[in-house]
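A short worksheet on the structure shown next.
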Amino acid sequence: MQRAIQLKRTARGQRNATSKTPLIAIADPHITSDIESLKTYILEELNVTEIIITGKEQDCGIQLEAMQIQKLRKVGLTSTDDALVQYRAHAKPKEIHVETLVWLRRPLFEQSLLDVLILGGGPAGLSCAGGLARQLHTAIVFSHEQFRNARASHMHNVAGWDHRPPGEFRQKAKTDILDRYGDTIQFKNVKIRSVTKIEEGKFEAVDADGDKYLGRRVVIASGVRDIMPSLPGYEKLWGRGIFHCLFCHGYEERGATSAGILAAGLLANPAFAPVIARMAGRLAGTVNVYTNGAGEELIEEFRALLKNTKKYQFVDTSIKKLMKDPDVEGEAGVLVYLEDGTVNKEGFIAHAPHFELNGPFAKELGVEVTPQGHIDVQSPFCNTSVSGVFAVGDCATFVKSVAQAMAMGSFVAAGIAHSVQAEDDVAE
Numbered sequence: 001m002q003r004a005i006q007l008k009r010t011a012r013g014q015r016n017a018t019s020k021t022p023l024i025a026i027a028d029p030h031i032t033s034d035i036e037s038l039k040t041y042i043l044e045e046l047n048v049t050e051i052i053i054t055g056k057e058q059d060c061g062i063q064l065e066a067m068q069i070q071k072l073r074k075v076g077l078t079s080t081d082d083a084l085v086q087y088r089a090h091a092k093p094k095e096i097h098v099e100t101l102v103w104l105r106r107p108l109f110e111q112s113l114l115d116v117l118i119l120g121g122g123p124a125g126l127s128c129a130g131g132l133a134r135q136l137h138t139a140i141v142f143s144h145e146q147f148r149n150a151r152a153s154h155m156h157n158v159a160g161w162d163h164r165p166p167g168e169f170r171q172k173a174k175t176d177i178l179d180r181y182g183d184t185i186q187f188k189n190v191k192i193r194s195v196t197k198i199e200e201g202k203f204e205a206v207d208a209d210g211d212k213y214l215g216r217r218v219v220i221a222s223g224v225r226d227i228m229p230s231l232p233g234y235e236k237l238w239g240r241g242i243f244h245c246l247f248c249h250g251y252e253e254r255g256a257t258s259a260g261i262l263a264a265g266l267l268a269n270p271a272f273a274p275v276i277a278r279m280a281g282r283l284a285g286t287v288n289v290y291t292n293g294a295g296e297e298l299i300e301e302f303r304a305l306l307k308n309t310k311k312y313q314f315v316d317t318s319i320k321k322l323m324k325d326p327d328v329e330g331e332a333g334v335l336v337y338l339e340d341g342t343v344n345k346e347g348f349i350a351h352a353p354h355f356e357l358n359g360p361f362a363k364e365l366g367v368e369v370t371p372q373g374h375i376d377v378q379s380p381f382c383n384t385s386v387s388g389v390f391a392v393g394d395c396a397t398f399v400k401s402v403a404q405a406m407a408m409g410s411f412v413a414a415g416i417a418h419s420v421q422a423e424d425d426v427a428e
């Protein structure tokens with residue numbers, strides 16, 4: 001659509017005018033009902049003599065030279081309350097000279113169909129949102145602000161954010177996105193109740209209040225929930241004295257006389273427990289591997305893999321309870337009470353409990369899940385078995401870390417951008 005409208009400047013505009021400046025407004029095709037409000041705003045606030053309102057830059061042969069983005073005052077249109085974005089531009093020779101180009105975008109909550117619905121506001125979802133914004137794709141990030149690392153006071157292995165709170169990291173990332181890309185990315189602090197695929201390229205999300213959102217693609221970035229074992233004292237120590245990843249935690253407890261490995265859950269697997277035991281051995285003088293009554297057969301499998309018999313000890317006596325060691329400063333330090341009355345002092349305990357996917361999304365959308373319990377995705381763009389559905393972060397990888405989640409988020413943003421743009425590339 002293209003309409004050329006000749007306008008007379010108001011008395012206010014004439015008083016302030018120093019030169020005649022034609023203006024082109026690139027308008028979202030869905031906001032044609034707001035054209036009169038847009039015209040009123042331009043007449044009152046900008047020094048212009050001519051307006052061309054169009055949905056496409058190509059209609060006026062515009063070539064953007066140097067892009068200078070700045071937030072302008074909110075317009076107050078009838079259904080558009082978004083900031084304008086100003087560019088410096090010029091038209092092709094012998095065509096209208098444009099000194100100011102205003103691109104008016106419809107706010108996300110007014111659009112009937114977004115490019116992407118992102119389910120989860122952790123590192124994976126934030127990384128995905130940032131990548132999509134760089135290609136002007138619209139998205140809403142849904143988050144109910146419950147995160148797996150909520151117990152952790154510091155995070156590590158993220159360049160530029162070492163030993164700093166994970167909550168501050170998420171807030172900084174969110175603020176950066178809103179400050180720079182708030183015209184295309186929005187955040188909603190709500191719990192999504194369900195997601196369904198209505199048709200190819202169209203998904204509907206419904207939140208706890210019953211509000212509905214439509215998107216062309218869905219990204220599941222909702223993470224996982226750790227299932228705490230019934231061992232008394234375990235849950236209270238989780239994330240404080242019991243660590244699931246010795247790259248993320250443990251360095252601060254280096255030099256401990258002894259550390260423990262709870263060879264249960266995922267670490268009952270001989271393929272995993274010896275690996276974690278060796279990592280613990282870098283941080284402590286000795287390592288006690290607690291098999292918690294599993295029997296001599298499991299211990300023999302571990303012994304065959306852990307050859308340093310002085311470094312690695314095995315304890316098969318059942319554990320009665322775990323408690324914080326009051327003699328150890330800080331959150332770490334664990335007392336292991338055994339059924340035979342023995343009490344062992346450990347600088348920390350390493351353990352990876354079983355987990356389950358957060359939310360009903362994988363089941364509702366019918367995506368395939370691996371035997372290990374995470375969503376099966378294809379590298380590098382993290383697409384699932386269902387067209388239009390992607391998954392990133394802890395819910396979609398065995399390697400659960402912030403750095404991995406961020407990398408997956410960046411790749412899925414690229415994959416979605418490619419697919420949506422190819423879908424939109426049609427003959428006119």
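Counting from 1, position 109 in the sequence shown corresponds to residue 109 in full-length UniProt numbering; the numbering is continuous, with no gaps.
All residues carry an ideal CB built from backbone N, CA and C; glycine is no exception.
Quick caveat, the model's predicted, so the values are computed rather than measured.
Can you say whether Asp394 is buried or exposed, counting buried as having 16 or more other CB atoms within 10 angstroms of its CB?
buried
For Ala352 and Ala273, I'd like the C-alpha separation in whole angstroms.
10 Å
According to DSSP, simplified to helix, strand and coil, what is Lys94?
Because the pLDDT at Lys94 is just 38, under 50, the model does not fix this residue reliably, and the value given afterwards should be weighed accordingly. It is coil, neither helix nor strand.
Coarse secondary structure for Val85, derived from DSSP in three states:
Its pLDDT being 35, under 50, Val85 is placed unreliably in this model, and the value from its coordinates should be taken loosely. If DSSP states are grouped into helix, strand and coil, Val85 belongs with the strands.
Can you tell me whether Thr175 is buried or exposed, with buried defined as 16 or more other CB within 10 angstroms of its CB?
exposed
What does a CB cutoff of less than 6 Å around Leu126 pick up in its chain, not counting 5 residues either side in sequence?
Ala173
Look at the Cβ atom of Ala124, then the Cβ atom of Val392, and state whether they are nearer than 7 Å.
yes
Top-ranked residue by Cα proximity to Thr317, from Asp327, Val367, Thr342
Thr342
Going by C-alpha distance, which of Ala159, Ile242, Phe348 is nearest Arg254?
Phe348
Going straight from the alpha carbon of Tyr234 to that of Gly241, what length do you get?
9 Å
Residues near Glu423 in its chain [Cβ-Cβ closer than 6 Å; skip 5 each side]
none
Determine the contact status of Ala264 and Ala284, defining contact as a CB-CB distance below 7 Å.
no
What alpha helix (DSSP H) runs, 4 residues minimum, are completely inside the segment 250-278?
none
Among all the DSSP beta bridges, which residues are the ones paired with Ala124?
Partner(s): none; Ala124 has no beta bridge.
What residues match up with Gln313 in a beta bridge as DSSP calls it?
Asn288
Alpha carbon of Ala414 to alpha carbon of Val377, nearest angstrom
15 Å
Whose CA, out of His418, Glu356, Val275, lies closest to the CA of Ala396?
Glu356
With a threshold of 8 Å, are at least 3 pairs of Cβ atoms found where one atom belongs to the segment 179-195 and the other to the segment 112-121?
yes
Assuming contact is defined by CB atoms lying nearer than 7 Å, are Val312 and Ala277 in contact in what I supplied?
Checking the sequence, you will find Tyr at residue 312 rather than Val. Going by C-beta atoms, Tyr312 is nearer than 7 Å to Ala277.
His163, buried or exposed, once every other Cβ within 10 Å from all chains shown has been counted against 16
exposed
Indicate the three-state DSSP secondary structure (helix, strand or coil) for Glu199 in the structure shown.
strand
When you compare only the Cα positions, how much space is there between Phe381 and Tyr337?
47 Å
Measure how close the beta-carbons of Val218 and Val389 come, nearest whole angstrom, since I'm counting them as under 8 Å.
5 Å
Please tell me whether Thr138 and Thr196 are closer than 7 Å, where the distance is taken between their beta carbons.
no
Could you tell me which whole alpha helix (DSSP H) segments of length 4 or greater appear in the segment 151-230?
166-181
Helix, strand or coil at Gln421 according to DSSP, with G and I counted as helix
helix
So, for Val287: in the same chain, excluding its five sequence neighbours on each side, which residues have a beta-carbon less than 8 Å away from its beta-carbon?
Ser258, Ala259, Gly260, Ile261, Ala277, Ala280, Gly281, Lys311, Tyr312, Gln313
Pick helix, strand or coil for Lys307, following the three-state DSSP scheme.
coil
Backbone secondary structure at Gln135 - three-state DSSP
coil
Whole-angstrom distance between Glu301 and Asp340, CA atom to CA atom
24 Å
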